[in-house]
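Chemist:
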Amino acid sequence: MPSSFLPLTISQIYTKALFDPRPTETVISQKQLAYALGYPMDWRVERTIIIEETDDTKTKIIKDRIHALGGKKNQTKYMWLHHEAAQKAALLFEKEGTLDPSAVEGSSNTNNNNTNNSNTNTNTTTGSHLLPATALFKKGDIVMVKYEDKWWSATVTKKPKKKNDDEFLYSVFYHGDDATQDEIAEEDLKPGEDPSELAVSLGLGANWTATRNGSRFVIVAPCGTVFQSKAAATKHFKDLARKALKASGGATATNKNSKKRKAKEEDAGDPPWRREGHDWIGKKVLWTFQHKASARRQITIEQTGTIEGYIDESDTDKDGNPGFVSEKTGKPANLFHVVFDENPGHPYTQYLLKNTDVEGYEISDRILPEEIPKTKTTSSSSGGGHGDGDGPSSSSKSAKKRRRR
């Protein structure tokens with residue numbers, strides 16, 4: 001009988017399975033490959049194929065991970081990154097019927113296959129390469145909880161409860177409705193949003209806080225007022241900004257005088273700021289900078305200002321030294337003085353700059369285009385209106401009344 005018709009030997013089946021260049025993309029194919037390689041029933045071999053290409057060659061690399069269940073109640077998960085360690089564990093499983101080292105008499109920790117293993121569920125007898133499962137969240141963490149396909153802000157209230165050796169269940173307190181819930185799977189949680197950052201993203205101030213309550217928000221003003229509506233919170237925020245602006249209006253004249261005094265003081269510098277002679281004088285600038293609000297939080301702040309003066313690259317001080325030397329080139333350069341607009345309604349009022357001095361390359365692409373003034377157009381009314389034209393006709397009055405309705 002020709003050898004091609006003879007059944008494959010165990011060695012041939014093992015070799016063919018070991019070097020099969022096809023990935024195992026389903027649980028069934030993983031179990032079939034594990035069985036072909038001689039592993040116990042229900043063990044799995046997760047095979048991935050990595051292709052490395054060079055100019056002349058194309059190499060396929062087989063990468064296997066062997067998975068098994070064992071230990072107490074056969075629920076502890078094990079994993080090996082190479083077949084030598086997995087085969088030794090399979091031999092232990094065949095002899096003892098378990099992979100739990102505590103159930104093996106005379107098990108020692110001297111096996112050199114796992115001298116650095118940090119898995120608390122296994123020791124060097126099994127040689128598992130799977131690290132112990134750790135919870136993603138801890139007590140006190142702010143999280144988002146998925147409930148009925150919506151995300152809700154909450155805080156973890158208890159230490160996570162471990163289940164099936166590598167699963168964790170959580171208890172949370174919902175911010176929006178003062179409710180609690182237990183037994184929440186980790187897959188239904190994600191890191192929560194910073195309440196201050198969420199408030200700023202909604203157009204409010206950095207001293208406000210906001211949390212998600214499903215598709216709505218719970219917003220708290222600095223005074224402690226709670227808003228269940230984004231529109232109501234925004235209206236309150238704008239009202240406060242208008243009041244602050246109105247309160248600062250009485251000091252306008254004083255501010256103008258102080259600005260004039262300040263300008264004179266600045267003009268008396270060495271060398272003084274030039275107030276004319278450059279095309280950028282009077283131009284508006286949009287300035288952006290980063291501010292570290294806390295150890296883990298950095299915010300981006302935008303301000304609008306006006307270029308009110310500059311030092312020319314040819315200017316010198318009383319000692320004959322250049323008025324300004326560029327930090328970038330090390331040569332004399334223009335330096336521009338930007339004074340920022342007052343903006344009491346800005347969400348980061350406490351971090352705003354009053355002025356700054358910058359080089360030309362720093363603001364060349366930040367200068368705002370000039371606004372084209374809108375021209376007023378007059379329209380003449382045709383038709384038989386009464387009167388001498390000094391007042392509106394009766395038809396226009398009635399039209400206004402209709403619009404007011």
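Counting from 1, one number per residue, gives the positions in the sequence shown under UniProt numbering. Glycine included, C-beta positions come from ideal geometry on N, C-alpha and C.
Just how far apart, CA to CA, sit Ile301 and Leu169?
Modeler: By one-based count along the sequence shown, residue 301 stands at place 301. By one-based count along the sequence shown, residue 169 stands at place 169. Approximately 40 Å between the Cα atoms of the pair.
Chemist: Shortest alpha-carbon distance to Asp315 belongs to which of Glu342, Trp273, Thr349?
Modeler: Locating residue 315 in the sequence shown gives position 315, where the first residue counts as 1. That would be Trp273, whose Cα lies nearest to the Cα of Asp315.
Chemist: What are the residues that DSSP puts in a beta bridge with Phe93?
Modeler: By one-based count along the sequence shown, residue 93 stands at place 93. DSSP, once it has assigned bridges, lists no residue as partnering Phe93.
Chemist: To the nearest angstrom, how far is it from the Cα of Asn114 to the Cα of Thr209?
Modeler: The residue labelled residue 114 in the question sits at position 114 within the sequence shown. The residue labelled residue 209 in the question sits at position 209 within the sequence shown. Residue confidence is low: Asn114 scores 44 on pLDDT, short of 50, so the model does not pin down where it sits. Its coordinate-derived value is still stated next. Each residue's Cα considered, the two are about 50 Å apart.
Chemist: Find out if the Cβ-Cβ distance for the pair Arg47, Pro23 is shorter than 7 Å.
Modeler: Against the sequence shown, residue 47 aligns to sequence position 47. Against the sequence shown, residue 23 aligns to sequence position 23. Yes, the Cβ-Cβ distance between Arg47 and Pro23 is below 7 Å.
Chemist: Let me make sure I understand the geometry here. Which of Asp341, Leu240, Thr57, Val325 has the alpha-carbon closest to that of Asn334?
Modeler: One-based indexing of the sequence shown puts residue 334 at position 334. Looking at the Cα atoms, Val325 is the closest of the given residues.
Chemist: Looking at the ligand HEM, does it come within less than 6 Å of Lys246, judged from the CB to the closest heavy atom?
Modeler: No copy of the ligand HEM appears in this structure; indeed no ligand is present at all.
Chemist: Does the stretch 133-152 touch the stretch 184-203, meaning 3 or more C-beta pairs lie closer than 8 Å?
Modeler: The stretch 184-203 vs the stretch 133-152: in contact.
Chemist: Measure how close the beta-carbons of Asp357 and Phe336 come, nearest whole angstrom, since I'm counting them as under 8 Å.
Modeler: Within the sequence shown, the letter at position 357 stands for residue 357. Within the sequence shown, the letter at position 336 stands for residue 336. About 7 Å separates the two Cβ atoms, so the contact holds.
Chemist: Where in the stretch 267-355 do unbroken runs of the beta strand (DSSP E), each at least 3 residues long, occur, reported from the N-terminal end onward?
Modeler: Segments of the beta strand (DSSP E) lying fully in the stretch 267-355: 284-292, 298-311, 335-340.
Chemist: Could you tell me which residues DSSP pairs with Ile219 in its beta bridges?
Modeler: The count along the sequence shown starts at 1 and reaches residue 219 at position 219. According to DSSP, Ile219 bridges with Ala210, Phe227.
Chemist: Go ahead and pull the three-state DSSP assignment for Glu186.
Modeler: Within the sequence shown, the letter at position 186 stands for residue 186. Three-state DSSP puts Glu186 in a helix.
Chemist: Quick one: what's got a C-beta closer than 6 Å to Tyr348's C-beta in the same chain, skipping five residues either side?
Modeler: On the sequence shown, position 348 is the one that residue 348 refers to. Taken in chain order, the residues that qualify are Ala206, Ile301.
Chemist: Please confirm whether Trp287 and Ile307 have their CB atoms less than 7 Å apart.
Modeler: Here residue 287 is taken as the residue at index 287 of the sequence shown, counted from 1. Here residue 307 is taken as the residue at index 307 of the sequence shown, counted from 1. Taking 7 Å as the Cβ cut-off, Trp287 and Ile307 do not qualify as a contacting pair.
Chemist: Mind checking which residues open and close the beta strand (DSSP E) that includes Tyr14?
Modeler: The residue labelled residue 14 in the question sits at position 14 within the sequence shown. It is not in any beta strand (DSSP E) - Tyr14 instead sits in the alpha helix (DSSP H) that spans 10-18.
Chemist: Return the residue from the list Lys354, Pro344, Glu52 that minimises the CA-CA distance to Lys238.
Modeler: Counting from 1 along the sequence shown, the entry for residue 238 is found at position 238. Out of Lys354, Pro344, Glu52, Pro344 has the C-alpha closest to the C-alpha of Lys238.
Chemist: Restricting to Cα atoms, I'd like to know which of Phe289, Lys60, Gly305, Pro271 is closest to Gly282.
Modeler: On the sequence shown, position 282 is the one that residue 282 refers to. Here the closest residue by C-alpha is Gly305.
Chemist: Go ahead and pull the three-state DSSP assignment for Asp42.
Modeler: Stepping through the sequence shown from its first residue, residue 42 is reached at position 42. Of the three classes helix, strand and coil, the one that applies to Asp42 here is coil, per DSSP.
Chemist: Could you have a look at Glu362 and say whether DSSP puts it in helix, strand or coil?
Modeler: Here residue 362 refers to the residue found at position 362 when the sequence shown is read from its first residue. Three-state result, Glu362: helix.
Chemist: List the endpoints of the continuous beta strand (DSSP E) containing Ala34.
Modeler: On the sequence shown, residue 34 is found 34 positions in, with the first residue counted as 1. Run containing Ala34: none in the beta strand (DSSP E); it sits in the alpha helix (DSSP H), 27-36.
Chemist: May I ask you to list the residues that DSSP assigns as paired with Ser153?
Modeler: Position 153 of the sequence shown, counted from the first residue, corresponds to residue 153. DSSP lists Met144 as partners of Ser153.
Chemist: Quick check: the Cα distance between Lys16 and Pro40, rounded to an integer number of angstroms?
Modeler: One-based indexing of the sequence shown puts residue 16 at position 16. One-based indexing of the sequence shown puts residue 40 at position 40. Going by the C-alpha atoms only, they are around 18 Å apart.
Chemist: On the DSSP bridge assignment, give the partners of Pro191 in chain order.
Modeler: To locate residue 191, count along the sequence shown from 1; it is residue 191. Beta-bridge pairing links Pro191 to Val143.
Chemist: Determine the contact status of Lys60 and Ile66, defining contact as a CB-CB distance below 7 Å.
Modeler: As a position in the sequence shown, residue 60 is number 60, starting the count at 1. As a position in the sequence shown, residue 66 is number 66, starting the count at 1. Cβ atoms of Lys60 and Ile66: not closer than 7 Å.
Chemist: I need the straight-line Cα distance from Glu148 to Gln30, nearest angstrom please.
Modeler: Indexing the sequence shown from 1 puts residue 148 at position 148. Indexing the sequence shown from 1 puts residue 30 at position 30. So the two alpha carbons sit approximately 34 Å from each other.
Chemist: Taking 8 Å as the limit between beta carbons, can you name the residues of its chain near Ala241, skipping five residues before and five after?
Modeler: Start at 1 with the first residue of the sequence shown, and residue 241 comes out as number 241. Here the set comprises Pro344, Gly345.
Chemist: Helix, strand or coil: how does DSSP classify Ser396 here?
Modeler: Within the sequence shown, numbered from 1, the residue matching residue 396 stands at position 396. Only weak support is given to the placement of Ser396: the predicted model assigns it a pLDDT of 43, under 50, and the value that follows is read from those uncertain coordinates. Of the three classes helix, strand and coil, the one that applies to Ser396 here is helix, per DSSP.
Chemist: Let me confirm a value: Asp42 is counted as buried when at least 16 other C-beta atoms fall within 10 Å, else exposed. Which label applies?
Modeler: Indexing the sequence shown from 1 puts residue 42 at position 42. It counts as exposed.
Chemist: Suppose you measure from the CA of residue 409 to the CA of Ala34; what does that come to, to the nearest Å?
Modeler: Nothing in the structure corresponds to residue 409, since the chain is present only between 1 and 405.
Chemist: What's the call for Ala231, buried or exposed, on a 16-neighbour Cβ count within 10 Å?
Modeler: Along the sequence shown, read from residue 1 onward, the residue named residue 231 stands at position 231. Answer is exposed; the Cβ neighbour count stays below 16.
Chemist: Would His175 and Ser196 be called neighbours here (beta carbons separated by less than 7 Å)?
Modeler: As a first step, residue 175 must be located in the sequence shown, where it is residue number 175. As a first step, residue 196 must be located in the sequence shown, where it is residue number 196. It is not a contact, given that the beta carbons lie outside the stated cut-off.
Chemist: What are the residues that DSSP puts in a beta bridge with Phe173?
Modeler: Mapped onto the sequence shown, residue 173 falls at position 173. Per DSSP, Thr155, Thr180.
Chemist: What is the DSSP secondary structure of Arg47, counted as helix, strand or coil?
Modeler: For the purposes of this step, residue 47 is taken as residue 47 along the sequence shown, with counting starting at 1. If DSSP states are grouped into helix, strand and coil, Arg47 belongs with the strands.
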